[in-house]
Every structure is written in structure tokens, then in C-alpha cells.
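**Q**
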Amino acid sequence: MNLKEYLDSLVGKRILVIGMGVSNRPLLDLLLARGLDITACDKADTPELREYEKVGVKLQLGEHYLDNLSADVVFRTPGMHPDQPALQALRESGAIITSEMEAFFEVCPCRIIAVTGSDGKTTTTTLISELLKQAGYRVHVGGNIGTPLLDQADEMRPEDFAVLELSSFQLMTMRRSPEIAVVTNLAPNHLDIHKDMQEYVDAKKNIFRYQNRENVLVLNRDNEITRSFEPEAKGKVRWFSRRERADLWDDGSAIRRGEEVLLPHTDILLPGVHNYENYMAAILAVSDFVSDEQIRAVAASFGGVEHRIELVRERNGVRYYNDSIASSPSRTIAGLRSFDQKVILIAGGYDKHIPYDVLGPEITAHVKRLILCGATAQKIREATTAAPDYAPGQPEIEEYSALDAAVRAAASAAQPGDVVILSPASASFDQFKNFMVRGAAFKAIVNSL
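Mind the numbering: the sequence shown is residues 828 to 1276 in this note's numbering, read in order.
Printed below as a string of C-alpha cells:
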């Protein structure tokens, strides 16, 4: 089915779009262009959203945006749990519940490579796209990485690639899987929204659940959960590891394919041992399409993605890094392990109700001064002081109510040669709209010092 046929199948049906954020605006415009019967609802009620009334969209905005809904086809926003009562009621009334991403899988004319995991999704997705571009392919990057693709499907050619980052929320109701699927790793995450860890893991499995024997699944052999996926895989499994020999493995100084050195660490511009894993995952995903020379060319030039251990500036001999993407303990642990010295860590944020005990020992091993702010400050403090190697003052712990004060305290304490890193181990929603806004705020403060 192509995009035109899909839109034609919606003619005469009552279409409901839940959520009018950035990811659903192109969808609304696409449905409008086809002249469909559209109702859109959103908790926000702003003049910008009200503009859609002028072009024929029926709106239900504000606090009661989910009351008394009816539709034949519902496009849910990715962040809404499929078991939300309003969606349940719509489903029971006979409505088809779908999403922009599920529709894209229906109509995409080219090969799809999709990436999920708890950490490393965006960097791995970006690396895959960079590797394919280096090999001369036309690449369309989207999904959770920020660009909806449904409205672009008609511009795609069969020889192109769509490279997608998929969240657990996008995957929960998926009934199709990509030709090439990558799961970077899995650890507790988003347990403020998922019912439990099992629901989170089950959602991630949808990335390969509907594959066939010709498809490829790339898995992390070092992660207990991803290692357990192999018996359920229908396609060819490709493994990567930093602990043992695998299809691609890391010996501590280079990424190897068998005994062959594929990529020495010294040839990789991107810092951090976790990025060796991201490289291995990306290379395994594209190994049928990209040469070793092209892999090495990307490794030598790719400097990373914004908000992911991003060097902001060096001031008075102190380097400041923005790792705002680190919204979980495992992500912060990876960031801390990227440096060969103890750092000044700024951490804390919105509480997703995930455990922090694993973070404590890593802080005592890798942090000289811990500066906390946000709703999880106390949890991180308790995890640190409960660590077996903790001793009073090792690290020093301070706490502030706002990021600005935390950054300025870090700058005051830093000596030439020090590293200051914002790596919150927490989501941003207690003080910021998202991790990008938090990272931008951090950079603005650092650049104002």
C-alpha cells in the first residue's frame, strides 16, 4: 500500500488525532490536504492550536480534551499509554487505534532500519545514517529522533533507507517490524508510565517480533535482557560485545571482526567506551551495504550528537560537557566512564521512579564533587552515601534548587584540568520541557561564565 492508497482508505471515516505536538502537526496537515473529517484534541489550549479551526479541524482542547470522544480511526500521540481509559473506550466502541509511525510502516516504500534500547538509541541511529550516507545512499532519518516521516513517504524510493529511532511508547502497539532491527541495551526506564519492567521489555520486543527469516536483529551480548531475546528471534541474529568474542567485539583497544582489527579506538573521534558499543551496533546493521573504508571515514569525522557528552567550552583549563540526554542511571554511568579522571558531576531532575542504587558505586569511583539539583537529588545522595566505597567527603556533595546555581557552584570549585559534566541520571520534566531545553540552558549558563 502506498501513501495515496492509505489516505484513500480513510475517506468517509471520522479521524481523531490525539495530541497536537510537533510530531503530529505534519500528520494533521497531511490529513487536511486529503480533505478528511478530522477532530484533534490536546490538553493545551493555545492560539496556535486554535488556528486549525480556521482550516476545518474540529478541536477539543483544555483540561477535558479526552472527554466523550468518538471516531473510526484514532492516531494516538506516542507518549500516551495504549491502556489510557479514553483509548480503551474508543477501542471498545470499534475504533482502530494507530499512530503516525504505525501508518508509516504500512506505506514506506524503502528498507527500514530501526533502533531501540534504553541508552544509545540516538547516537546509534545517527551513526547508521552517517554510514549509509558515506556509502552513497539516500537516507531518511526519523521517529523518536524528532522528524515524522509519514508525510514524506511519497518522496522515498525503493533503493533508499528509512532509519528510525523508536521508543517503547511508539513500539507498544506496533504490528510490523523493520527489515533490520537493533536493540542497544535494556535497563529500567520510564517506569513512571509503564505498568512494570515487563511491559517495558515486551514493548521493545515488538521491534523484532514480526520479522521473518530474511531479516536481521542486532543485539548486545553483554546485556542480560537483550541476550535473552535470541530464542524469540525469527531472523538472523548479529551480536556485539565488549566482554567476549562475537560478530563484532572490542578487545579494549580496537573493534574487531574475528581476529581482524576493523576500527582502532585511536581512529574514533567520538569519546567514551559506550560509543564503541554504539559503533558496533551501527556497523552490524549496515554491514551488507557499507565498506570498511567507509566505516573508517565516518569514525574519523563524526563528532557526536548534541546533548550527548558534548564539549561546550574550555574555560580557565576546565572542560564543560553537556550530557543532558542522560535521563537514566545507566546513561550517566556510561558518561562517567568516558573520562580517565574523576569529574565534577551535576545530576538530578524529574523522578521516573527508577532505582538509583547502581549509580552510587559509580559516583564514588568516578566523581570528585557531586552537585545535585532537582526532584531526584535526595535519591542520588542516598545511593552515593550507601555505596560500599563511600567515605565522607569522597565525593563532596552539594545541593542547589536550580541549575544556574549548580553550574556556578561547579565552576567555583573547578581547578585547571578538571572536567565538569551535566549528566543528570534523571528526566528533565521537573524544571524543563525536555532534555534539549535543559541542555541548551546548561550551555547558555556555561557560555555566560
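In this text, a Cβ means the ideal position worked out from N, Cα and C, and glycines have one as well.
Rounded to the nearest angstrom, what separates residue 988 and residue 955 at their Cα positions?
**A** So the alpha carbons of these two residues sit roughly 10 Å apart.
**Q** Name the two residues that bound the continuous alpha helix (DSSP H) containing residue 961.
**A** 948-961
**Q** Can you tell me where the alpha helix (DSSP H) with residue 1262 in it begins and where it stops?
**A** 1262-1275
**Q** Looking only at its chain, what residues have a beta carbon closer than 8 Å to the beta carbon of residue 1164, apart from the 5 residues adjacent to it on each side?
**A** Taken in chain order, the residues that qualify are 1099, 1100, 1101, 1189, 1193.
**Q** State yes or no: is the C-beta of residue 909 within less than 9 Å of the C-beta of residue 923?
**A** no
**Q** I'd like to confirm the pairing. Which residues does DSSP put opposite residue 1077 in its beta bridges?
**A** 1082
**Q** So, does the stretch 1225-1240 touch the stretch 1164-1175, judging by three or more C-beta pairs under 8 Å?
**A** Yes, since at least three Cβ pairs between the stretch 1225-1240 and the stretch 1164-1175 fall closer than 8 Å, the two stretches touch.
**Q** Can you list, in chain order, the residues of its chain whose CB lies under 6 Å from that of residue 1118, leaving out five sequence neighbours each side?
**A** Contacts found: none.
**Q** Roughly how many whole angstroms lie between the Cα atoms of residue 858 and residue 844?
**A** 10 Å
**Q** Drop a sphere of 10 angstroms on the beta-carbon of residue 986, count the other beta-carbons inside from all chains shown, and report buried for 16 or more, exposed for fewer.
**A** exposed
**Q** Where residue 997 and residue 1260 are concerned, what is the direct C-alpha to C-alpha distance, given to the nearest angstrom?
**A** 20 Å
**Q** Mapping the DSSP letters down to three states, classify residue 1047 as helix, strand or coil.
**A** Note: residue 1047 maps to strand in three-state DSSP.
**Q** Spatial neighbours of residue 1241 within its chain, please: CB distance less than 7 Å, with the 5 preceding and 5 following residues excluded, ordered by chain position.
**A** Hits under 7 Å: 1145, 1171, 1247.
**Q** Can you tell me which residues form a DSSP beta bridge with residue 1063?
**A** 1043
**Q** Opposite residue 869 in the DSSP bridges: which residues?
**A** 888
**Q** Determine the contact status of residue 934 and residue 830, defining contact as a CB-CB distance below 9 Å.
**A** yes
**Q** Look up residue 1349 in the DSSP assignment and say whether it is helix, strand or coil.
**A** Look at the range of the chain in this structure, 828 to 1276, and you will see that residue 1349 is not part of it.
**Q** So, are the CB atoms of residue 1177 and residue 1201 less than 9 Å apart?
**A** yes
**Q** Using the beta-carbon count (16 or more within 10 Å), is residue 1096 buried or exposed?
**A** exposed
**Q** Can you give, in chain order, each stretch of the alpha helix (DSSP H) that sits fully within the stretch 1151-1218 and has at least 4 residues?
**A** The qualifying runs are 1156-1163, 1186-1193, 1204-1212.
**Q** If distances are taken between C-alpha atoms only, which option among 851, 873, 872, 871 comes closest to residue 865?
**A** Ranking the options by Cα distance to residue 865, first place goes to 851.
**Q** Distance, Cα to Cα, residue 944 vs residue 1032?
**A** 10 Å
**Q** Can you have a look at residue 961 and say buried or exposed, based on whether 16 or more other CB atoms are within 10 angstroms of its CB?
**A** Label assigned to residue 961: buried.
**Q** Which residues in the same chain have their Cβ closer than 6 Å to the Cβ of residue 947, if we skip the five residues on either side of it in sequence?
**A** 1011, 1105
**Q** Starting from the C-beta of residue 1213, find all residues in its chain whose C-beta is less than 8 Å away, skip the five residues before and the five after it, and write them out in chain order.
**A** 1184, 1187
**Q** Going by DSSP, what residue range makes up the beta strand (DSSP E) through residue 992?
**A** 988-992
**Q** By how many angstroms is the C-alpha of residue 1004 removed from the C-alpha of residue 1066?
**A** 19 Å
**Q** Which runs of the alpha helix (DSSP H) at least 4 residues long sit entirely within the stretch 916-946? Give them in chain order.
**A** For the stretch 916-946, whole alpha helix (DSSP H) runs of length 4 or above, ordered along the chain, are 927-934.
**Q** Contact check, residue 1191 vs residue 1159 under 8 Å by CB: the rounded distance?
**A** Rounded, the Cβ-Cβ distance is 13 Å, inconsistent with contact.
**Q** Going straight from the alpha carbon of residue 877 to that of residue 886, what length do you get?
**A** 8 Å
**Q** Am I right that residue 917 and residue 901 are in contact with their C-beta atoms under 8 Å? What's the rounded C-beta distance?
**A** Contact check for residue 917 and residue 901: beta-carbon distance about 5 Å, within the 8 Å limit, so the pair qualifies.
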